[in-house]
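Going by the numbering used here, the sequence shown opens with residue -19, and the numbers climb by one from there. First up is the structure itself, then whatever we jot down about it.
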Amino acid sequence: MDVTAHDVQDTDSGVRLRAGGTEVTVDPAHGCRISSLRIDGTEVLRQGERYGAFVMVPWCGRTRQGRFLNGGERYQLPVTAGQHAIHGTVRGVPWHTVRSDGRTASFYRDLTDPWPWPGRVTQVVELAEDGGGLTLTLGVETTGDSFPAQAGWHPWFLRNLGQGGQDVVLDFAPAWQEERGEDHIPTGRRVEPRPGPWDDCFGMPDGVDVTLTWPGELELKVASRAEWVVVYDEQPEAVCVEPQTGPPDGLNSHPRLVTPIDPLEVSTVWSWRRPA
-19 MDVTAHDVQD
-9 TDSGVRLRAG
1 GTEVTVDPAH
11 GCRISSLRID
21 GTEVLRQGER
31 YGAFVMVPWC
41 GRTRQGRFLN
51 GGERYQLPVT
61 AGQHAIHGTV
71 RGVPWHTVRS
81 DGRTASFYRD
91 LTDPWPWPGR
101 VTQVVELAED
111 GGGLTLTLGV
121 ETTGDSFPAQ
131 AGWHPWFLRN
141 LGQGGQDVVL
151 DFAPAWQEER
161 GEDHIPTGRR
171 VEPRPGPWDD
181 CFGMPDGVDV
191 TLTWPGELEL
201 KVASRAEWVV
211 VYDEQPEAVC
221 VEPQTGPPDG
231 LNSHPRLVTP
241 IDPLEVSTVW
251 SWRRPA
């Protein structure tokens, strides 16, 4: 995924994409987060302290005690959530905008300390021509030695759209649920999917396919060829549906090696429609 052209000057309000009745705002200064998704004037992503949809790279969710192995050597990441390292290193740092044409934009961020290896993360954000969908594509490449990595997204979808309607309803059919230990790390056992509330990882080997429905208002589908999704709905304001290339602690349990000839790439497509 080539996004190595000259940088584009960002505005304080971020990069805005528009098509049909949809407006998307990307905030490169704060981790290349999708800070807003407005469909026909209705905001779909939570605003405030925990907002939008952020990138998780080079790992997703929690890494147990911040430790993982690569080639038999142990590495230590900063512990940022209780006793664990969480959600990667790029979600709170500035990214560079490469190009933006009003409907598509490209960004990059170099991997540096505290990640042990040099590399680059890219994100392409593309709004459908009719404004009925959004495609996000992440690439992770090494500029040195090979390393294990994961990639994914953590969107905060509003539980209620604030227009007098009902709360969102989730519909998905995972093949299994990763059993979660008391430390919020998968135990390695796969169990039958259990009812929520969830802060849990699910396996979808045919690809992530989750539908969020705000009855009578909006239906939004989250799809990806990624085979894991974390669903987090324990907060009253928002519901998170997080496609990712491996489960929490995946640097240890499901390492995917990024090599000079084999980068990691993953996409997610959000598509939506109003009820008839």
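For glycine and all other residues, C-beta sits at the position ideal for the given N, C-alpha and C.
Q: Within its chain, find whatever has a CB closer than 8 Å to the CB of D125; leave out the 5 residues flanking it on each side and keep chain order.
A: W97
Q: Taking G230 as part of the beta strand (DSSP E), name the residues at either end of that continuous run.
A: It is not in any beta strand (DSSP E) - G230 instead sits in the alpha helix (DSSP H) that spans G230 to S233.
| request: Starting from the Cα of F127, find the closest Cα among G142, P154 and G99 and give me that residue. | output: Measuring from the Cα of F127, the nearest candidate turns out to be G99.
Check: With 16 as the cutoff for other CB atoms within 10 Å, does V238 come out buried or exposed?
Finding: With 16 or more Cβ atoms within 10 Å of its Cβ, V238 is classed as buried.
Check: Can you name, in chain order, every residue of its own chain whose Cβ lies under 7 Å from the Cβ of V123, other than the five neighbours on each side?
Finding: This sequence places Thr at residue 123; Val is not what is there. Excluding residues within five positions, the ones whose Cβ falls inside 7 Å are P98, G99 and R100.
Problem set entry | For R83, three-class secondary structure by DSSP | Note: R83 maps to coil in three-state DSSP.
### Query
What is the rounded straight-line gap between the Cα of T117 and the Cα of G52?
31 Å
(Q) Between the region 161 to 168 and the region 196 to 209, can you find at least three pairs of beta-carbon atoms closer than 8 Å? (A) no
Check for me: the beta strand (DSSP E) holding Y55 runs from which residue to which? It spans E53 to Q56 - the beta strand (DSSP E) in which Y55 sits, taken as one unbroken run.
DSSP has S251 in a bridge; who is on the other side? G113 and K201
Go to S(-7), then tell me how far its beta strand (DSSP E) extends in each direction, as first and last residue.
First-last for S(-7): undefined, no H or E at that position.
Note the first and the last residue of the continuous beta strand (DSSP E) segment covering L192. V188 to W194
With a CB to CB cut of under 6 Å and the five nearest residues on each side skipped, what residues in its chain are close to P235? P128
| Where P223 sits in the DSSP three-state scheme | strand
Query - Residue burial classification, S(-7) (beta-carbon count within 10 angstroms, cutoff 16) - result: exposed
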